[in-house]
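Visitor:
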Amino acid sequence: MRRFVRDNGIALFFGVLLLGSLAGQAISGHAEYNNQQVAHGGAEVGLGHYLTSGSFATDVMENWQSEFLQFSLFIFATIWFVQRGSPESKEPGKGGRESDEEQRLGRWAGRGAPAPARRAGGLLRVLYENSLLLVMLLIWLGTWFAQSVSGHSAYNADQLSHHEPTVSWVGYVGSADFWSRTLQNWQSEFLALGSMAVLAIYLRQRGSPESKPVGAPHDATGVEG
Amino acid sequence: MSCRVDVRATFITYLVFIFGGIAYAVTIGLLHQ
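Keeping their order, the protein sequence lines are chains A and B. Note that the first sequence ends on residue 225 in the numbering used here; no numbers are left out. Note that the second sequence ends on residue 258 in the numbering used here; no numbers are left out.
(1) What's the C-alpha gap between A:SER66 and B:ALA248?
(2) Kindly indicate which three-state DSSP category A:ASP158 falls into: helix, strand or coil?
(3) Suppose you measure from the CA of A:ALA115 to the CA of B:LEU240; what does that come to, to the nearest Å?
(4) Could you confirm whether any beta carbon from chain B is found closer than 7 Å to the beta carbon of A:ILE201?
(5) Identify which residue in A:ILE201, A:GLU224, A:LEU124 and A:GLY41 has its Cα closest to the Cα of A:SER161.
(6) When you compare each of A:ALA220, A:GLN36, A:LYS212 and A:THR182 to A:GLU62 by their alpha carbons, which one comes out closest?
(7) Once the 5 residues before and after A:SER125 are set aside, which same chain residues still bring their CB inside 6 Å of it?
(8) In chain order, what residues of the region 19 to 43 of chain A put their CB closer than 8 Å to some CB of chain B?
(9) Please list, in chain order, all residues of the same chain as A:TRP169 whose beta carbon is under 6 Å from its beta carbon, the five residues on each side excluded.
(10) Give me the Cα-Cα distance between A:GLY46 and A:GLY54, rounded to the nearest whole angstrom.
(11) Less than 8 Å between C-beta atoms, sequence neighbours within five positions excluded: which residues of the same chain meet that for A:LYS212?
(12) Could you check which residue in A:ASN130, A:ARG84 and A:LEU134 has the C-alpha nearest to that of A:VAL198?
(13) Rounded to a whole number of angstroms, what is the C-alpha to C-alpha distance between B:ILE243 and A:ALA176?
(14) Going by other Cβ atoms of all chains shown within 10 Å of its Cβ, with 16 needed for buried, is A:VAL16 buried or exposed?
(15) Can you find a C-beta in chain A that's less than 7 Å from the C-beta of B:VAL251?
(16) The alpha helix (DSSP H) that contains A:MET61, what's its start and end?
(17) Ignoring anything shorter than 4 residues or poking outside the region 120 to 155 of chain A, list the alpha helix (DSSP H) runs there in chain order.
(18) Can you grab the Cα-Cα spacing for the pair A:GLY48 / B:HIS257, in whole Å?
(19) At least one CB of chain B closer than 7 Å to the CB of A:ASP219: is that the case?
(20) For A:GLY20 and A:LEU141, I'd like the C-alpha separation in whole angstroms.
(21) Report all residues from its chain with a CB closer than 8 Å to the CB of A:SER89; omit the five preceding and five following residues, and keep chain order.
(22) Does any C-beta atom of chain A lie closer than 7 Å to the C-beta of B:ILE247?
(23) Between A:THR166 and chain B, is any beta-carbon pair separated by less than 7 Å?
(24) Taking Cβ positions, are B:ILE253 and A:SER150 nearer each other than 7 Å?
(25) What residue range is occupied by the uninterrupted alpha helix (DSSP H) comprising A:GLY207?
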């Protein structure tokens, strides 16, 4: 047990923060939902009702999708683009998918290499070569779709409470509500990604693999601490 | 070996949570159409 905790510190740390934040969002979101209900002359609802409402589901999903888009784009962009001096970047001139030798594929696969990486080529190897990006993209599309479906439900519930006409799913996906929720999350993620790559050129955090070593030169690129 | 299994359990738990969350939100949305 002690070994499990030690070996999974990052996953456990963020897992606990996730569950705590989600619980906090549920409680505060429930209170705010009921404030709106009362303000509009409606009846207060229980926590279970709120947690199974489109309102809660779309609030969760709109944040999830932007995070997975963020990491998908970061994985993709850092294959091709370089930021001189950043620990998040490869060295200038090394943009691209790199050779089989550099990626330890096929006959360059060493001991312990995953089975698909040992293959000389083929679909399975191509899928495995890109599996991190593919799964992150799949989750992004899944969460964005989930945001649209649950947001559609919440939007129509709101329309009905105001005695206004409901919209179709396609109509909702083209609505200001959907794109406002989507883009307000995207812009913050893109700022965070750019900042992460740029601030670490001149700033350091001793002991973090996200930073260069404290004594590394400012123009050193792709060096992790 | 046990180390590898421990890490695999963490990996699977995260994936199950994520796809479970997606399934939950889609189900909620479809049920309240």
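Ideal placement from N, C-alpha and C gives every residue a C-beta, glycine not left out. No experiment lies behind these values; they were computed from the predicted model shown.
Guide: According to the data block:
(1) 17 Å
(2) helix
(3) 21 Å
(4) no
(5) A:GLY41
(6) Minimum Cα distance to A:GLU62 is reached at A:THR182.
(7) The question names Ser, but residue 125 of chain A is Arg in the sequence shown. Once the five neighbours on either side are set aside, the close Cβ partners of A:ARG125 are PRO116 and ARG119.
(8) Closer than 8 Å at the C-beta level to chain B, one finds no residue of the region 19 to 43 of chain A.
(9) HIS152
(10) 14 Å
(11) Closer than 8 Å at the Cβ level, and outside the excluded window around A:LYS212, lie PRO87, ALA200, ARG204, ALA220, VAL223, GLU224 and GLY225.
(12) A:ARG84
(13) 27 Å
(14) exposed
(15) yes
(16) 54 to 80
(17) 123 to 129
(18) 15 Å
(19) With a threshold of 7 Å between beta carbons, A:ASP219 makes no contact with chain B.
(20) 25 Å
(21) THR78, PHE81, VAL82, GLN83, ALA197, THR221 and GLY222
(22) yes
(23) no
(24) yes
(25) First-last for A:GLY207: undefined, no H or E at that position.
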